[in-house]
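Student: Below you'll find the structure I mean.
Protein chains in written order, with the working numbering: chain A, 5 to 97; chain B, 147 to 680.
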């Protein structure tokens, strides 16, 4: 079973590799936000979820529960929010 | 040496190509190489998938299976959460069967696959694969092998932004453009296929894969926006504006370049290679805007989500996804490209859905109502066909398909936006998909004739045979008897293989419970594999 710290580290590594060709110079840590800090658009978010599923070798992680709150798509996501979601979900199970 | 070259031209149609081939257009012969291929080789109309759309149709080309088996129906798939609907993109992992690239790889053949949709994240193949419809930001990690990016980046002139999919630009398809704006839009599209050709030429020359495949999609994009400039029945140079004439010059130049790409790649492959030109669907002009969800609201089957006036809300209203009050929606069209109607069945999370006992009656009444939708001006009925999914998409993945698939009188795509009235006439005909695509083939043993209509599902069988494989037993198509000279065919018979891979069990997506029919299908497949004893 993956430890919480492993999940967050692997997530950050995945995001670092993900944006490696984008010219993004920001350091990525748990406070980094996808849209405001890394200039993600909606397609990038979908692609990131594919990359995360590939990293953790699991599909259908239920990202819709992370993206839709109170009937609306959220405006942004932080690394911490994704990490906490993964820790609470099937990755940690 | 390369045995088989397939060049896909997205949306290519003889309606546009014939004048460019026979020289009956004002510009004379625009595509001399293709003209030679057709006069010296085999050509036919190629009937597309039941719903002629790029993702399901190209997946049928690459798998030899129809959508009910491969499971791809649209660009977008959705998950019904009861009180909301989660939309996301189909990707390669959603394809439920093997592609020919994978099958050929397992049998020791080398392959190249360039710009085909639904190929990201890339499956492992014995060769090179670059998926299409991917943003430049995601190209590197979606290439196979991963070192391929640095290899193609070293090709002179390589520009990932020109090569790849610009979602913002493609999102403009369907918008009415003045000719000046259309000229700029077309200009921006032309470099992409040059980029793909440059990569293709390098990989063909350097790797000589047994099976080489490239898809060019500029044909589709340009025909969508510039149909009124390409359709021989509409184009009139005597009345066209200067901007329209410039657009015409650009698109004709584009088709000249496509002809050169085909010529160069065919020559590079050599005379012993089969060269196949194929499209996923054809094209025609659409005259109507059919706001299908507005009509379903009139019928009482759906309720729009109230707008909160926010910028996010406005963007959501204008998106190409249905934006509805899901607690009060029984039937809806999810996306314009689907041309499908989804009937929500009653369940714990969808208590207002249609009860199972009423489903058939509800569906029959809905079909009858859909077929009554008419243009209020002319009275013309705008929906000419409504297929039930078991008729359109039979197979283990059928339950992932919309319950109904619509064919409009002009073959157009529906609109899912909240606007009235339900039917209006477009100011300018807009290019839309037609079921009749193209098939052209040349090379050893290929007859010089125009053949009878073929099915798009035949393409994979033809490629498999051409590259020297037995045709997998699961393939639904065939090698048409008229394709080859009898003597050559006798020397190179079509051999059928046993199933080459364990059939994938049609598991439901997103962790949903399997339906009774899916469970039966799984049990049947497991029984066939010997995992369940009777």
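Glycine residues also receive a C-beta, built at the ideal position from the N, C-alpha and C atoms.
Rounded to the nearest angstrom, how far is the Cβ of residue 466/B from that of residue 481/B, given a contact under 8 Å?
Tutor: About 6 Å; that satisfies the 8 Å criterion.
Student: Does residue 655/B have its Cβ less than 9 Å from a Cβ in chain A?
Tutor: Interpretation of residue 655/B is limited by its pLDDT of 48, a score under 50 that renders its predicted location unreliable; no figure is taken from the coordinates.
Student: Out of 615/B, 631/B, 545/B, point me to the one whose CA is closest to residue 225/B's CA.
Tutor: Selected option, being the one with the closest Cα: 545/B.
Student: Which of helix, strand or coil does DSSP assign to residue 13/A?
Tutor: Reduced to three states, the DSSP call for residue 13/A is helix.
Student: Could you tell me which residues DSSP puts in a beta bridge with residue 343/B?
Tutor: In DSSP, residue 343/B forms no bridge with anything.
Student: Leaving out five residues on either side along the sequence, give the residues of the same chain with a beta carbon under 6 Å from the beta carbon of residue 55/A.
Tutor: Same-chain partners within the cutoff: 18, 22.
Student: Could you confirm whether any beta carbon from chain B is found closer than 9 Å to the beta carbon of residue 37/A?
Tutor: No - not a single Cβ of chain B is within 9 Å of the one on residue 37/A.
Student: With DSSP run on the structure shown, which of helix, strand or coil describes residue 361/B?
Tutor: In the structure shown, residue 361/B sits in a strand (DSSP, three-state: E or B).
Student: Using 9 Å as the limit for Cβ to Cβ distance, is residue 60/A near chain B?
Tutor: No - not a single Cβ of chain B is within 9 Å of the one on residue 60/A.
Student: Just checking, does the region 149-161 of chain B make contact with the region 396-403 of chain B on the three C-beta pairs under 8 Å criterion?
Tutor: No, because fewer than three Cβ pairs between the region 149-161 of chain B and the region 396-403 of chain B fall closer than 8 Å, the two stretches do not touch.
Student: Looking at residue 408/B: is its Cβ nearer than 9 Å to the Cβ of residue 179/B?
Tutor: In contact: residue 408/B and residue 179/B (Cβ atoms closer than 9 Å).
Student: Give, in chain order, every residue of the region 226-247 of chain B whose Cβ lies closer than 8 Å to some Cβ of chain A.
Tutor: So the close ones are 227, 229, 230, 232, 234, 235, 237, 239.
Student: Let me know the secondary structure DSSP gives residue 249/B once reduced to three states.
Tutor: Helix at residue 249/B.
Student: Can you grab the Cα-Cα spacing for the pair residue 273/B / residue 392/B, in whole Å?
Tutor: Rounded to whole angstroms, residue 273/B to residue 392/B spans 41 Å at the Cα level.
Student: Counting only beta-carbon separations shorter than 9 Å, does residue 635/B have a partner in chain A?
Tutor: No, residue 635/B lies away from the interface with chain A (no Cβ there is under 9 Å from its Cβ).
Student: With DSSP run on the structure shown, which of helix, strand or coil describes residue 183/B?
Tutor: If DSSP states are grouped into helix, strand and coil, residue 183/B belongs with the helices.
Student: Using a Cβ cut-off of 9 Å, pull out every chain B residue sitting near residue 101/A, in sequence order please.
Tutor: As displayed, chain A neither begins before 5 nor continues past 97, which places residue 101/A out of reach and without an answer.
Student: Any idea what DSSP makes of residue 88/A, helix, strand or coil?
Tutor: Three-state DSSP puts residue 88/A in a helix.
Student: Using only CA atoms, which one of 334/B, 508/B, 505/B, 532/B lies nearest to residue 518/B?
Tutor: Ranking the options by Cα distance to residue 518/B, first place goes to 532/B.
Student: Is it buried or exposed for residue 9/A, if we count other Cβ within 10 angstroms and need 16 for buried?
Tutor: With fewer than 16 other Cβ atoms within 10 Å, it is exposed.
Student: So residue 54/A contacts chain B; which residues on that side make the cut at Cβ distance below 7 Å?
Tutor: 237, 267, listed in chain order.
Student: Measure the C-alpha to C-alpha separation of residue 638/B and residue 24/A and round it to an integer number of angstroms.
Tutor: Those two C-alpha atoms are separated by around 49 Å.
Student: Taking the straight line between their C-alpha atoms, what separation do you get for residue 153/B and residue 66/A?
Tutor: One C-alpha to the other measures close to 38 Å.
Student: Go through its chain and collect everything with a Cβ distance to residue 613/B's Cβ below 7 Å, but skip five positions before and after it.
Tutor: The answer, listed in chain order, is 149, 150, 250, 255, 356, 357.
Student: Taking only three categories from DSSP, how would you classify residue 95/A?
Tutor: Looking at residue 95/A - three-state DSSP - the assignment turns out to be coil, as it is neither helix nor strand.
Student: Hey, would you say residue 540/B sits closer than 9 Å to residue 212/B, going by beta carbons?
Tutor: For residue 540/B and residue 212/B, yes; Cβs fall inside 9 Å.
Student: Could you tell me if residue 457/B is buried or exposed, where buried requires 16 or more neighbouring beta carbons within 10 angstroms of its beta carbon?
Tutor: The residue in question, residue 457/B, is exposed, as its Cβ has fewer than 16 Cβ neighbours within 10 Å.
Student: Specify the secondary structure class of residue 60/A as computed by DSSP and reduced to three states.
Tutor: Three-state DSSP puts residue 60/A in a helix.
Student: With a CB to CB cut of under 8 Å and the five nearest residues on each side skipped, what residues in its chain are close to residue 523/B?
Tutor: Excluding residues within five positions, the ones whose Cβ falls inside 8 Å are 571.
Student: Excluding sequence positions up to five away, which residues of its chain have a Cβ less than 7 Å from the Cβ of residue 165/B?
Tutor: Taken in chain order, the residues that qualify are 171, 378.
Student: So what does DSSP say about residue 225/B, is it helix, strand or coil?
Tutor: Reduced to three states, the DSSP call for residue 225/B is strand.
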